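One rule links them: number in the numbering used here = place in the sequence shown (from 1) + 420.
The structure under discussion appears below in the form of structure tokens.
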Amino acid sequence: MKYFLFIAIIFSIPIHLKAQKLTFKPADDYKKVYRTDTVIIEADSAFIVSSVRASYINEKLDQLDEIQKLYEQLSSHKDQLLGEVKQARKVLTKVIKNIENDSASLSNNLIKTIAELDTVLSTLKDNNQELKANNQQLTSKINDLEYLIAELKKETKKLWWGALEDKIISFAAGVGVGALIIILL
421 MKYFLFIAII
431 FSIPIHLKAQ
441 KLTFKPADDY
451 KKVYRTDTVI
461 IEADSAFIVS
471 SVRASYINEK
481 LDQLDEIQKL
491 YEQLSSHKDQ
501 LLGEVKQARK
511 VLTKVIKNIE
521 NDSASLSNNL
531 IKTIAELDTV
541 LSTLKDNNQE
551 LKANNQQLTS
561 KINDLEYLIA
571 ELKKETKKLW
581 WGALEDKIIS
591 FAAGVGVGAL
601 IIILL
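Structure follows, in structure tokens:
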């Protein structure tokens with residue numbers, strides 16, 4: 421019996437020597453730990469995520485950054501279109517003033533204005549087509565993002581249940597070892 425206890429102590433010493441005792445404080449954002457480390461959580465809560473899951477989440481965050489860039493591009497195109505609409509309004513205002521002020525020069529100015537309007541209209545059509553394509557891309561990215569959010573929720577639930585299972589298994593193992601020690605003593 422004494423030999424068994426002595427052997428158990430000898431085999432448990434390397435595990436205790438390898439393990440580090442780390443503290444997760446409220447000021448910490450993240451902390452990298454390894455299999456044999458002991459973590460004391462002083463914060464009100466903490467999540468434990470594997471390296472694989474963390475890289476998966478980082479990949480999805482990169483995709484989210486791409487969507488943000490696309491949104492900024494769309495906003496820029498919208499601002500450009502608004503500027504062109506204002507320009508078209510100015511041209512139309514100019515046409516109205518020319519009609520009221522000078523009917524003789526109306527013919528020449530009207531031709532120039534129509535040419536400008538044709539140019540603006542052509543540009544607006546091109547921009548409208550580009551905006552439609554960008555809207556389709558954004559809709560696709562939004563759908564991808566909604567799918568990503570659903571997947572992340574599933575992963576969070578899996579992590580929570582996995583941690584709960586580990587706690588139950590650790591408790592059962594502790595009770596089993598305690599019962600074995602009591603029986604052996």
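Virtual Cβ for every residue (Gly too), placed ideally from N, Cα, C.
Since we're looking at a predicted model, the values are computed, not measured.
Residue ranges of each alpha helix (DSSP H) within the segment 461-549, 4 or longer: 471-521
Bridge-paired residues (DSSP) for Leu442: Val459
Short Cβ contact (9 Å threshold) for Glu650 with Lys552: Missing from the structure shown is residue 650; the chain here goes from 421 to 605 and no further.
Simplified DSSP assignment, three categories, for Leu425: The pLDDT assigned to Leu425 is 48, lower than 50, so where the model puts this residue is not dependable; a value taken from the coordinates is nonetheless given after this. Leu425: helix per DSSP, three-state reduction.
Tyr454 - DSSP class collapsed to helix/strand/coil: coil
Contacts around Asn555, its chain only, beta-carbon distance under 6 Å, and the 5 residues preceding and following it disregarded: none
Straight-line gap, His497 to Ser542 (C-alpha atoms, nearest Å): If I take the Cα positions, the gap works out to 15 Å.
Pick from Val453, Ser470, Asp448 and Pro446 that is closest to Gln440, judged by C-alpha positions: Cα-wise, what sits closest to Gln440 is Val453.
Tyr476 versus Asp586, Leu572 and Ser495, residue with shortest Cα-Cα distance: Leu572
Separation of Glu520 from Glu566, as counted between CA atoms: 56 Å
The segment 506-518 in contact with the segment 486-495 per 3-pair CB rule at 8 Å: no
Three-state secondary structure assigned by DSSP to Leu437: Because Leu437 sits at a pLDDT of 49, beneath the cut-off of 50, its placement in the model cannot be relied upon, and the following sentence gives the value as read from the coordinates. Reduced to three states, the DSSP call for Leu437 is helix.
Per-residue DSSP class, three states only, for Asp586: helix
Helix, strand or coil at Ala447 [DSSP, three-state]: coil
Coarse secondary structure for Leu403, derived from DSSP in three states: No information on residue 403 is available, as it lies outside the stretch 421 to 605 that the chain covers here.
Contact under 9 Å by Cβ, Val469 with Leu568: no
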